[in-house]
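Worksheet for the structure shown next.
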Amino acid sequence: MSDQPRRPRKPGKPHRRPQKDPVRILAFEALRAVDERDAYANLVLPPLLRRAREGGDFDARDAALATELVYGTLRRQGTYDAVVAACVDRPLREVDPPVLDVLGLGAHQLLGTRIPTHAAVSASVELARVVLGDGRAKFVNAVLRKVAQHDLDGWLERVAPPYDEDPEDHLAVVHSHPRWIVSALWDSLGGGRDGIEELLRADNERPEVTLVARPGRATTEELLGEEAALPGRWSPYAVRLSEGGEPGAIPAVADGRAGVQDEGSQLVALAVANAPLDGPDRRWLDGCAGPGGKAALLAALAAERGAALLASEKQPHRAGLVAKALAGNPGPYQVVVADGTRPPWRPGSFDRVLVDVPCTGLGALRRRPEARWRRRPDDLDGFAPLQRELLRGALEAVRVGGVVGYATCSPHLAETRAVVADLLKQFPDTELLDARPLLPGVPELGEGPDVQLWPHLHGTDAMYLALIRRTG
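So the sequence shown is numbered by our numbering: it starts at 429 and just counts up by one.
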């Protein structure tokens, strides 16, 4: 041993190791994956939760809290950024992204949950010590103590511009949507403050998990036997899980006889399947079939009538998902890897065609809240040519007297009515069918003939559908 005397410790609090909180560390890891890898929370979170449960660290309450922290922080990111910006002495772009993630988690606990203030601050500071270090933990502590000085309403009065001075920016801050998306959704709704506020609020609510009982393979009665299961609102094949739960644990879902599918998506497939046409009804096409939800429902409906579905998907890995979804279908079907803009089939080959085109996904912001922060207005320019070419391919693929369904999971007018109007000009031997009678019992479908579904009115994703018949 050395004979040198030990240096006396500096006065102050003794050093201690930061306390690791598995729930908040997991939530932080999910947010980092969303930011760094452009991942989606609904894809990143389940394996993280599964690994935590298998490791014995998590119970159901822990999983529920982690899920709320991740999705709540992502949904309200715009609002929390405005609040945090008012509490720091530099532009947010100069704050490291991992620090912003910890601050966002802390802000959500303070302003969006019932977690007590002292617990929200201390837990966030401990998280910062674990994942960021002591120095930046002090910064997190200082900022969150400022955030804790007001509740959410108090902060909104301070950081959101008055509605009368700037309605779009007010709504953007209060309801945590980019301004351009607020403007686009408002245009699609046709104006009015109440409607846009209800829609933006609905986008920030956690959606129910909706199942589909695939005809000929499962029944809604079977699914309704599950705990906390409720009938669907509109689709005869829909069942809602009112308390979330793990759909994969349901036997019918595990073996592919049922699936997870938003009710709006089910309604689109049903409308295409039931649209009136002239002549035979034997060959159906799903021209953008991945990942397979609509294709599985269409194939099952086709089988009941003795028809066959061709499910086409350009991306091979997505075609694999389609094949998995259709496996076990009671009637004939085929899955092919093909480009709907340069198809391998002959013109006029099909009686019914569905083309659910790639889009900005603005209709599913409830499920993928991070998408609102990734999308940009110029994304529309990238999708527009493809959407038109896919609809052109669908109109060429259907025979005279047959029907095409054009669908998007976006209510943006540039992706819906503008595309349909352009193609109708190029194909004068077509007519728009009134889609509304094909959604029986569904209220508030507008003036038609196309249909726009809404989260706040119908409890579905904001699916759009136009039905077009070839007349010559």
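Here a beta-carbon is modelled for each residue, glycine too, at the ideal position from N, C-alpha and C.
Taking the alpha carbon of residue i as the point to measure from, which residue in the options has its own alpha carbon closest?
i: Ser604; options: Trp801, Leu658 and Glu843; result: Trp801
i: Gly789; options: Pro719, Ser838 and Leu539; result: Ser838
i: Gln447; options: Ala825, Pro643 and Asp562; result: Asp562
i: Ala842; options: Gly776, Leu860, Val516 and Asp807; result: Asp807
i: Glu817; options: Asp767, Pro474, Arg518 and Leu861; result: Asp767
i: Glu824; options: Ile896, Ser670, Gly791 and Leu861; result: Ile896
i: Tyr499; options: Val750, Glu650, Ala894 and Arg634; result: Arg634
i: Ala547; options: Lys853, Leu705 and Arg452; result: Arg452
i: Ala863; options: Phe855, Gly619 and Leu873; result: Leu873
i: Asp706; options: Gly830, Ile624 and Phe855; result: Gly830
i: Glu741; options: Thr495, Thr769, Arg733 and Arg820; result: Thr769
i: Tyr508; options: Glu522, Leu528 and Ala491; result: Leu528
i: Leu651; options: Gly721, Pro679, Val696 and Cys716; result: Pro679
i: Pro544; options: Pro519, Ala556 and Asp579; result: Asp579
i: Glu636; options: Gly653, Leu658, Glu625 and Ala646; result: Leu658
i: Ala699; options: Pro775, Pro868, Thr501 and Arg460; result: Pro868
i: Gly684; options: Ala894, Lys752 and Arg820; result: Lys752
i: Thr501; options: Arg478, Ala469 and Pro474; result: Ala469
Distance check for residue j and residue i, CA to CA, integer angstroms please.
i: Val472; j: Arg503; result: 16 angstroms
i: Pro772; j: Arg711; result: 15 angstroms
i: Ala731; j: Pro786; result: 27 angstroms
i: His886; j: Ser616; result: 16 angstroms
i: Phe486; j: Pro865; result: 48 angstroms
i: Ala739; j: Arg746; result: 11 angstroms
i: Asp911; j: Pro805; result: Since the first residue of the chain shown is 429 and the last is 900, residue 911 is not available in this structure.
i: Gly939; j: Gly484; result: Any answer about residue 939 is impossible in this case: the structure gives the chain only from 429 up to 900.
i: Ala535; j: Ala600; result: 18 angstroms
i: Ala812; j: Gln880; result: 19 angstroms
i: Val848; j: Ala822; result: 12 angstroms
i: Leu613; j: Ala510; result: 22 angstroms
i: Gly623; j: Asp517; result: 37 angstroms
i: Thr638; j: Phe567; result: 42 angstroms
i: Ala458; j: Leu476; result: 8 angstroms
i: Ala514; j: Gly618; result: 34 angstroms
i: Ala480; j: Asp490; result: 10 angstroms
i: Ala703; j: Glu798; result: 35 angstroms
i: Pro606; j: Val870; result: 30 angstroms
i: Pro590; j: Leu814; result: 40 angstroms
i: Glu626; j: Gly734; result: 43 angstroms
i: Gln762; j: Ala755; result: 10 angstroms
I need the boundaries of the beta strand (DSSP E) containing residue i, first residue and last residue.
i: Val640; result: Val637 to Ala641
i: Ser740; result: Ala736 to Glu741
i: Thr769; result: Careful: Thr769 lies outside any beta strand (DSSP E) and carries neither H nor E.
i: Trp712; result: Arg711 to Asp714
i: Phe778; result: Phe778 to Asp784
i: Gly582; result: Careful: Gly582 lies outside any beta strand (DSSP E), inside the alpha helix (DSSP H) at Leu580 to Val587.
i: Val601; result: No beta strand (DSSP E) contains Val601, which is instead part of the alpha helix (DSSP H) from Pro595 to His603.
i: Arg668; result: Ala666 to Leu669
i: Ala657; result: Ala657 to Pro659
Excluding the 5 residues preceding and the 5 following residue i in the sequence, name in chain order all residues of the same chain whose CB lies nearer than 7 angstroms to its CB.
i: Gln694; result: Val640, Ser663, Tyr665, Ala666 and Leu725
i: Pro760; result: Ala736
i: Ala455; result: Ala494, Leu497, Val498 and Leu533
i: Pro525; result: Asp463
i: Pro436; result: Because Pro436 carries a pLDDT of 47, less than 50, the predicted location of this residue cannot be relied on, and no value is offered for it.
i: Gly718; result: Glu741, Gln743, Arg746, Ala747, Leu749 and Val750
For residue i, is the classification buried or exposed, using 16 other Cβ atoms within 10 angstroms of its Cβ as the cut-off for buried?
i: Glu875; result: exposed
i: His884; result: buried
i: Val828; result: exposed
i: Gly660; result: buried
i: Ala728; result: buried
i: Gly582; result: exposed
i: Asp431; result: Low confidence applies to Asp431: its pLDDT is 43, below 50, so where it sits in the model is not reliable, and the reading given next is rough at best. The residue in question, Asp431, is exposed, as its Cβ has fewer than 16 Cβ neighbours within 10 Å.
i: Asp878; result: buried
i: Thr541; result: exposed
i: Gly620; result: exposed
i: Arg898; result: buried
Please return the same chain residues whose Cβ sits closer than 6 angstroms to the Cβ of residue i, not counting the five positions on each side in sequence.
i: Thr648; result: Ala641 and Val667
i: Ala588; result: His598, Val601 and Val602
i: Gly692; result: Leu881, Thr888, Asp889 and Met891
i: Pro758; result: Gly644 and Ala731
Counting along the chain, where does the alpha helix (DSSP H) carrying residue i start and finish?
i: Thr545; result: Thr545 to Val559
i: Glu496; result: Ala488 to Arg503
i: Ala467; result: Note, Ala467: premise wrong, no alpha helix (DSSP H); not H, not E.
i: Leu894; result: Correcting the residue identity first, residue 894 is Ala in this sequence and not Leu. Note, Ala894: premise wrong, no alpha helix (DSSP H); beta strand (DSSP E) at Tyr892 to Arg898.
i: Leu613; result: Arg607 to Leu617
i: Glu798; result: Neither: Glu798 is in no alpha helix (DSSP H) and is coded neither H nor E.
i: Gly534; result: Pro525 to Leu539
Quick one: residues in its chain with C-beta nearer than 8 angstroms to the C-beta of residue i, no 5 flanking neighbours on either side, listed in chain order?
i: Val549; result: Gly534, Leu538, Asn569, Leu572, Arg573 and Ala576
i: Gly676; result: Ala682
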